[in-house]
Amino acid sequence: MRVVTGVVGNDIHVVANRLIEISLKERGFEVFNLGVNTYLEEFIDAVIETDADLLLISSLNGEAEGWSRDLLFLKSRFDLDGVLFAIGGNLSVGEASSEEIVPKYKAYGYDLVFHQVDLNEGLDSIEEALKAGV
Amino acid sequence: MFQKEREIITRTPYTDSFDFDEIREFITGASKNLFISHRFKKSDKILVQPRGGFPTYDKVFELYGEFIDAGVDVLPLTIDSNTRLNDYEMAKKMLALSEETDENMLNGYPLVNQGYRVTRKMVSHYDTPISLRHGTPDARLLIEVALASGIFEIEGGPITYLLPYSKNFPLDKAFLYWKYVERICADYSTLNEPINRESFGPLSATLQPPAIVIVIQLLEMLLSLEEGVKSFSVSFSQTGSLSQDIVSANVIKKMARKYAEKIGCGDADIHLVYHQWMGAFPRDKEFSDSLINTSTVIASMVRADKMITKTRDEAFGIPTPQVNAAAVRNTQYTLNMLRGIPTITDTEEEENLSEMVDDIMEAIFNDPADTLWRQVFNSIKNGIIDIPFSPHIINNGEAITVRDKNYNIRFYERGNVPISDRCLAFERSKVDLCGKSLVEHIIEDIGIML
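So the protein sequences, as listed, match chains E and R. First residue of the first sequence? That's -7 in the working numbering, and the numbers climb one at a time after it. First residue of the second sequence? That's 3 in the working numbering, and the numbers climb one at a time after it.
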């Protein structure tokens, strides 16, 4: 399984990004890590170039929301059926509950949304979804 | 030719017009007290230096007053992040706003916009060495202004100010820009006491393996000395393990001397700087005080020439001048109790670390490129030098480190770092993940001081 990952927007939280990369490798993924400060367009380009099965975006400082609004538009321009879109981290600037955040991000075009979820739990859910072929 | 380049670099509306003849005259006649290189020679104690900088002249002036009252040895001048990115227009706007509103709209002192004529007044007033702290890949103009202001210690380097701070600033450019900095430091060093250059050993401050830290310290030292710099400080930050700090200090001192002599620069003065804990700080301020005191004890045990302090408010943001000065006062108080503290050696660990450093250095020198900076550039590109948790795209990012049960930082995966099988086996023999996943272990290792 191929995965493209990275941190979206002007966000330089490199430690979390690196831990996600190590975890994905431990689980047997082929990882293409675009690192911190990555634009949404760059993620989509990388998914196409690498023929990835999964795009896993992370965000820690609440920037993801502003950057995610174009996702449906970008998805509509390319044939990305069969690619699982997931996002995780701290997805709001202030305090917000998962009940509020998850539907919002699903509407942006993500299949799986993890707001303040433990890394390993999130990756377990992603693996289950990939197995089920969602 | 070089002078022509300097005139082009310094000709900008964002700083005052440069009068190079006047600047040379100023440096030639400058007070010896402004030179940390001079202070190192005369002092038999560890010099204590905090961090700090504010946007306006008045606030820096006030900060320095607090530090002087607290018994500081070396003053810091921390530069704002717009200036670090050469965005002088934004720095100018934010400086104007800071002056109007009395709020700090910048996270440091915009030295270029303030200019050397104004800044020199403050420098001369306090007559104490000042250390420039920034993080700038292209620091050519900034350093011209700093030296003209009487700031005679310049921190940074092409590797240590780039790989921990930037995702995609071109590394080859950083080498050339820093070559310019080394050359002007070397040039001005002939006029009075030497200008001191200091490297930034903490790097990304997250589980940095001492072998990599030391190699990078040696390389920035060599790149500086080969341009004619005569006074250089290598540095590293508290690892989290007292014994590993001692081993690191013993090895870096021995190696710095050895490699300086190897390139025919054995006449340079080399100093050791110790950074108090640079990782995540506890939110409990009493714990922070305890951590800072322990750092001070270790700085004494490793015989550092200078120590850079933290404050009990580290977990909460930029400290007030009063809290910052209190940390200096407490550190001096603790230091005073530690006179004549005995030294320790650990032969087995020092041999292991020395071997790793020599093996990496040898691989770099074996690169076929024609100059040292190109050899280093290639070695970073191909992962011979690999910094854990660097955000930069050129960094290989395959080396993985974890702590052993005594909190020593060990290689777990070496990636392309050319340490021998024997050294890797020694490192791994110390590590026990205790049934946890690698990532769980790393998360705990990062947070040991919380």
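Each residue gets a CB set at the ideal place from its N, CA and C atoms; glycine is no exception.
Given residue 123 of chain R as reference, the closest of R:219, R:324, R:337 and R:59 once Cα atoms are compared: As a working mapping, residue 123 of chain R is identified with position 121 in the second sequence. By alpha-carbon distance to residue 123 of chain R, the top candidate from R:219, R:324, R:337 and R:59 is R:59.
Residue 212 of chain R: contacting residues in chain E (beta-carbon distance under 7 Å): Along the second sequence, read from residue 1 onward, the residue named residue 212 of chain R stands at position 210. For residue 212 of chain R, no chain E residue has a Cβ inside 7 Å of its Cβ, as the nearest lies near 19 Å away.
Interface partners of residue 402 of chain R on chain E, CB under 8 Å: For the purposes of this step, residue 402 of chain R is taken as the residue at position 400 of the second sequence. The answer, in chain order, is 14.
Residue 285 of chain R, buried or exposed, once every other Cβ within 10 Å from all chains shown has been counted against 16: Mapped onto the second sequence, residue 285 of chain R falls at position 283. Its Cβ having fewer than 16 others within 10 Å, residue 285 of chain R is exposed.
N-terminal and C-terminal residue of the alpha helix (DSSP H) that residue 394 of chain R is part of: Taking the second sequence and counting its residues from 1, one reaches residue 394 of chain R at position 392. In the DSSP assignment, residue 394 of chain R falls outside any alpha helix (DSSP H), carrying neither H nor E.
Residue -2 of chain E, enclosing beta strand (DSSP E) - first and last residue: Numbered from 1 along the first sequence, position 6 holds the residue referred to as residue -2 of chain E. The continuous beta strand (DSSP E) containing residue -2 of chain E extends over residues -6 to -1.
Interface residues of chain R facing residue 29 of chain E [CB-CB closer than 7 Å]: Position 37 of the first sequence, counted from the first residue, corresponds to residue 29 of chain E. Within 7 Å Cβ-Cβ: 169.
Within chain E, partners of residue 79 of chain R - CB distance below 8 Å: On the second sequence, residue 79 of chain R is found 77 positions in, with the first residue counted as 1. Going along chain E, no residue has its Cβ under 8 Å from residue 79 of chain R, so there is no contact; the nearest lies around 24 Å.
C-beta contact flag for residue 45 of chain E and residue -5 of chain E at 8 Å: For this step, residue 45 of chain E is matched to residue 53 along the first sequence. For this step, residue -5 of chain E is matched to residue 3 along the first sequence. Contact: yes.
Whole-Å CB distance - residue 216 of chain R paired with residue 253 of chain R, under 8 Å assumed: Against the second sequence, residue 216 of chain R aligns to sequence position 214. Against the second sequence, residue 253 of chain R aligns to sequence position 251. About 6 Å separates the beta carbon of residue 216 of chain R from that of residue 253 of chain R, a gap short enough to meet the 8 Å contact definition.
Cα-Cα separation, residue 391 of chain R to residue 24 of chain R: Position 389 of the second sequence, counted from the start, is the residue given in the question as residue 391 of chain R. Position 22 of the second sequence, counted from the start, is the residue given in the question as residue 24 of chain R. The straight-line gap from Cα to Cα measures roughly 44 Å.
Start and end residues, alpha helix (DSSP H) containing residue 84 of chain R: Along the second sequence, read from residue 1 onward, the residue named residue 84 of chain R stands at position 82. Taken as a continuous stretch (DSSP letters only), the alpha helix (DSSP H) holding residue 84 of chain R covers 83 to 86.
From R:127, R:307, R:165 and R:114, residue whose alpha carbon lies closest to that of residue 141 of chain R: Counting from one through the second sequence, the residue named residue 141 of chain R turns up at place 139. Looking at the Cα atoms, R:114 is the closest of the given residues.
Beta-carbon contacts of residue 126 of chain R that lie in its chain and below 7 Å, excluding the five residues immediately before and after: Reading the second sequence from its first residue, position 124 is the one you call residue 126 of chain R. Result list for residue 126 of chain R: 152, in chain order.
Segment contact flag, the stretch 129 to 137 of chain R with the stretch 28 to 36 of chain R, C-beta cutoff 8 Å, min 3 pairs: Cβ pair count under 8 Å is three or more, so yes.
Beta-carbon neighbours of residue 391 of chain R, restricted to chain E and to distances below 8 Å: The residue labelled residue 391 of chain R in the question sits at position 389 within the second sequence. Residues of chain E passing the Cβ test: 6, 7 and 10.
Cβ pair residue 28 of chain E, residue 5 of chain E closer than 8 Å: On the first sequence, residue 28 of chain E is found 36 positions in, with the first residue counted as 1. On the first sequence, residue 5 of chain E is found 13 positions in, with the first residue counted as 1. Cβ atoms of residue 28 of chain E and residue 5 of chain E: closer than 8 Å.
DSSP state of residue 271 of chain R mapped onto helix, strand, coil: Your numbering for residue 271 of chain R matches position 269 in the second sequence. Per DSSP, reduced to three states, the secondary structure at residue 271 of chain R is strand.
Separation of residue 93 of chain E from residue 104 of chain E, as counted between CA atoms: The residue you call residue 104 of chain E lines up with position 112 of the first sequence. The residue you call residue 93 of chain E lines up with position 101 of the first sequence. If you draw a straight line from the Cα of residue 104 of chain E to the Cα of residue 93 of chain E, it comes to about 11 Å.
Beta-carbon spacing of residue 47 of chain E, residue 85 of chain E below 8 Å: For the purposes of this step, residue 47 of chain E is identified with residue 55 of the first sequence, where counting begins at 1. For the purposes of this step, residue 85 of chain E is identified with residue 93 of the first sequence, where counting begins at 1. Against a cut-off of 8 Å, the Cβ pair of residue 85 of chain E and residue 47 of chain E comes out as no contact.
Beta-carbon separation (whole angstroms), residue 239 of chain R vs residue 198 of chain R, contact threshold 8 Å: If you number the second sequence from 1, residue 239 of chain R lands on position 237. If you number the second sequence from 1, residue 198 of chain R lands on position 196. Cβ-Cβ separation between residue 239 of chain R and residue 198 of chain R: approximately 19 Å, too far for a contact (criterion under 8 Å).
Completely contained beta strand (DSSP E) runs for the stretch 196 to 263 of chain R, where each covers 3 or more residues: Runs of beta strand (DSSP E) with 3 or more residues, each lying fully within the stretch 196 to 263 of chain R, are found at 198 to 200 and 233 to 239, listed in chain order.
Chain E within 8 Å of residue 441 of chain R, Cβ atoms only: Locating residue 441 of chain R in the second sequence gives position 439, where the first residue counts as 1. So, interface residue.
Straight-line gap, residue 74 of chain R to residue 329 of chain R (C-alpha atoms, nearest Å): Counting from 1 along the second sequence, the entry for residue 74 of chain R is found at position 72. Counting from 1 along the second sequence, the entry for residue 329 of chain R is found at position 327. Roughly 10 Å between the two C-alpha positions.
Neighbour list for residue 445 of chain R in chain E, Cβ cutoff strictly below 8 Å: Within the second sequence, residue 445 of chain R is the residue found at index 443, counting from 1. What residue 445 of chain R touches in chain E: 11.
Pair within 8 Å by beta-carbon distance, residue 451 of chain R and residue 279 of chain R: Here residue 451 of chain R is taken as the residue at index 449 of the second sequence, counted from 1. Here residue 279 of chain R is taken as the residue at index 277 of the second sequence, counted from 1. Yes, Cβ-Cβ distance for residue 451 of chain R and residue 279 of chain R is below 8 Å.
Cβ pair residue 430 of chain R, residue 414 of chain R closer than 8 Å: Here residue 430 of chain R is taken as the residue at index 428 of the second sequence, counted from 1. Here residue 414 of chain R is taken as the residue at index 412 of the second sequence, counted from 1. When the beta-carbon positions are compared, residue 430 of chain R and residue 414 of chain R come within less than 8 Å of each other.
Contact set for residue 185 of chain R: own chain, Cβ-Cβ below 7 Å, skip 5 residues either direction: Here residue 185 of chain R refers to the residue found at position 183 when the second sequence is read from its first residue. Contacts found: 4 and 229.
Status (buried if at least 16 other CB within 10 Å, exposed otherwise) for residue 20 of chain E: For the purposes of this step, residue 20 of chain E is identified with residue 28 of the first sequence, where counting begins at 1. Result: exposed.
Chain-ordered neighbours of residue 91 of chain E on chain R, where CB pairs are closer than 8 Å: By 1-based counting over the first sequence, the position of residue 91 of chain E is 99. Neighbours of residue 91 of chain E on chain R: none; closest Cβ ~27 Å, over 8 Å.
Where residue 150 of chain R falls: helix, strand or coil (DSSP): Here residue 150 of chain R corresponds to residue number 148 of the second sequence, with the count starting at 1. It is helical.
Test: residue 366 of chain R CB closer than 8 Å to a CB of chain E: Here residue 366 of chain R refers to the residue found at position 364 when the second sequence is read from its first residue. No, its Cβ sits nowhere closer than 8 Å to a Cβ of chain E.
Spatial neighbours of residue 13 of chain E in its chain, beta-carbon cut-off 6 Å, leaving aside the 5 residues before and after: Within the first sequence, the letter at position 21 stands for residue 13 of chain E. Once the five neighbours on either side are set aside, the close Cβ partners of residue 13 of chain E are 23 and 25.
Pairwise C-alpha distance: residue 0 of chain E and residue 56 of chain E: Translated into positions along the first sequence, residue 56 of chain E becomes position 64. Translated into positions along the first sequence, residue 0 of chain E becomes position 8. Between residue 56 of chain E and residue 0 of chain E, the C-alpha separation is close to 6 Å.
Endpoints, the beta strand (DSSP E) within which residue 117 of chain R is located: Here the question's residue 117 of chain R lines up with position 115 in the second sequence. That residue, residue 117 of chain R, is in no beta strand (DSSP E); it is neither H nor E in DSSP.
Terminal residues of the alpha helix (DSSP H) in which residue 330 of chain R lies: Taking the first residue of the second sequence as position 1, residue 330 of chain R is located at position 328. Start and end: 323 to 338.
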